[in-house]
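Asker: Structure incoming, see below.
Protein chains: 2
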Amino acid sequence: MLSKKTKYGLKALAFIARQEKGEKVQIATISESENISHKFLESILLTLRKAGFLGAKKGKGGGYYMLKEASEIKMTDVIRTLEGPIAMLPCVSLNYYEKCDDCPDEDACSVHKLMIQVRDNTLQVLRNNTLADLV
Amino acid sequence: MLSKKTKYGLKALAFIARQEKGEKVQIATISESENISHKFLESILLTLRKAGFLGAKKGKGGGYYMLKEASEIKMTDVIRTLEGPIAMLPCVSLNYYEKCDDCPDEDACSVHKLMIQVRDNTLQVLRNNTLADLV
DNA sequence: CTTAAAACCTAGTTATCCGATAGGGTAATA
DNA sequence: TATTACCCTATCGGATAACTAGGTTTTAAG
């Protein structure tokens, strides 16, 4: 299950991407329009800014804005930033790999093989979708 | 992320399915062989039996056994029993649908559309795989 | 008939994480 | 210089995951 953090983050990104290029959007605007807790959204946007998806301007008339084209922002990258691994098991994760405590031999694990199939299919969908597809 | 419950359950099912048809397997055997806590596995197998995937015999010489062919047990069914929804959002779940608190209009939600794609792809993989493919 | 073995069942524990909130701090602008 | 709006840290309640405890019932064997 996708966390609300990720869901809100995607919605917020889509909201900002819908504006004129370079236009600044304030947290409060998104928060009200998308029904997201102001403070929670604040922390999410901060994460997205640090990850390089957004720029921010402080002070009066400030806000968040896109740094690049929506079509250049892949869903895989956003989800990995907010959610973490895309795979259904740590042992099949490309970016967050972790060995299982049980499983002496990964290649012999039946579940492992199945989850690799799921992962590859999910990745294919998420790689082919950019923020532009959400807008 | 798949819970350990589901992972263990799948491994246990595969273990039992590997035996001669109708052969009984004890919890302790699976527990030791697959490195799963005995008590935890106990509760998982109980769930699987109640869901109709396994039969059980009490008393000395008892154990769990397959009720049907491994090829008749779909991964979707097992995962839904142990894990719950397969979808990444409640609002795109076929079997566990739930409306989102935010989102006034589901059809207008950009994230919704994306997650339907992911769901359909995942379902395709899981529907095409049976327990026989794990063995 | 007794005993040991095995599944059954209810409930509780512990630990972690999610979603949200609090309360300032800091920088930019009018 | 006051206001606006992002920046940062800390905290907290509730839910859930993973596992544990301890007893009950059923069965086979001696």
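So the protein sequences, as listed, match chains A and B. Read in order, the letters of the first sequence are residues 9 to 143 in the numbering used here. Read in order, the letters of the second sequence are residues 9 to 143 in the numbering used here. Just so it is clear, CB atoms sit at the ideal spot from N, CA and C, and this is done for glycine as well. A quick note: this is a predicted structure, and the numbers were derived from the prediction, not measured.
(1) Quick check on Leu75 of chain B - is its C-beta less than 9 Å from some C-beta in chain A?
(2) So Glu151 of chain A and Ala20 of chain A are supposed to be a Cβ contact under 8 Å. How far apart are they, rounded?
(3) Measure the alpha-carbon distance for Gln132 of chain A versus Gly70 of chain A and round it to whole angstroms.
(4) So what does DSSP say about Met83 of chain A, is it helix, strand or coil?
(5) Have a look at Gly60 of chain A and Leu134 of chain A and give me their C-alpha separation to the nearest angstrom.
(6) Specify, as a first and last residue, the run of the beta strand (DSSP E) that Ser16 of chain A falls within.
(7) For Lys15 of chain A, would you say it is in contact with chain B, using Cβ-to-Cβ distances shorter than 9 Å as the test?
(8) Looking only at C-alpha atoms, which of A:Ser39, A:Lys82, A:Leu54 and A:Arg127 sits nearest to Val143 of chain A?
(9) Taking Cβ positions only, does Ile24 of chain A come closer than 9 Å to chain B?
(10) Could you tell me the distance, in whole angstroms, from the CA atom of Gly30 of chain B to the CA atom of Met74 of chain B?
(11) Go to Met96 of chain A, then tell me how far its alpha helix (DSSP H) extends in each direction, as first and last residue.
(12) So with CB distances below 8 Å, who are the chain B contacts of Gln125 of chain A?
(13) Identify the contact partners of Thr130 of chain A in chain B, using a Cβ-Cβ distance below 8 Å as the criterion.
(14) Measure the C-alpha to C-alpha separation of Gln110 of chain B and Val33 of chain A and round it to an integer number of angstroms.
(15) Looking only at DSSP bridge pairs, what is Tyr73 of chain A linked to?
(16) Would you say Ser79 of chain A reaches chain B, if we count a Cβ-Cβ gap shorter than 9 Å as a contact?
(17) In three-state DSSP terms, what is Val143 of chain B?
(18) Kindly identify the DSSP beta-bridge partner or partners of Val119 of chain B.
(19) Would you check if the distance between the CB atom of Leu90 of chain A and the CB atom of Ser11 of chain A is smaller than 9 Å?
Answerer: Straight from the coordinates:
(1) no
(2) Missing from the structure shown is residue 151 of chain A; chain A here goes from 9 to 143 and no further.
(3) 37 Å
(4) helix
(5) 19 Å
(6) Contrary to the premise, residue 16 of chain A reads as Tyr rather than Ser in this sequence. Element bounds for Tyr16 of chain A: not the beta strand (DSSP E) but the alpha helix (DSSP H), Lys12 to Ala25.
(7) yes
(8) A:Lys82
(9) no
(10) 6 Å
(11) Careful: Met96 of chain A lies outside any alpha helix (DSSP H) and carries neither H nor E.
(12) Val133 and Asn137
(13) Val126, Asn129 and Thr130
(14) Per the sequence shown, residue 110 of chain B should be read as Asp rather than Gln. Cα to Cα, the separation comes out at about 20 Å.
(15) A:Gly63
(16) no
(17) coil
(18) Val119 of chain B is not bridged to any residue.
(19) yes
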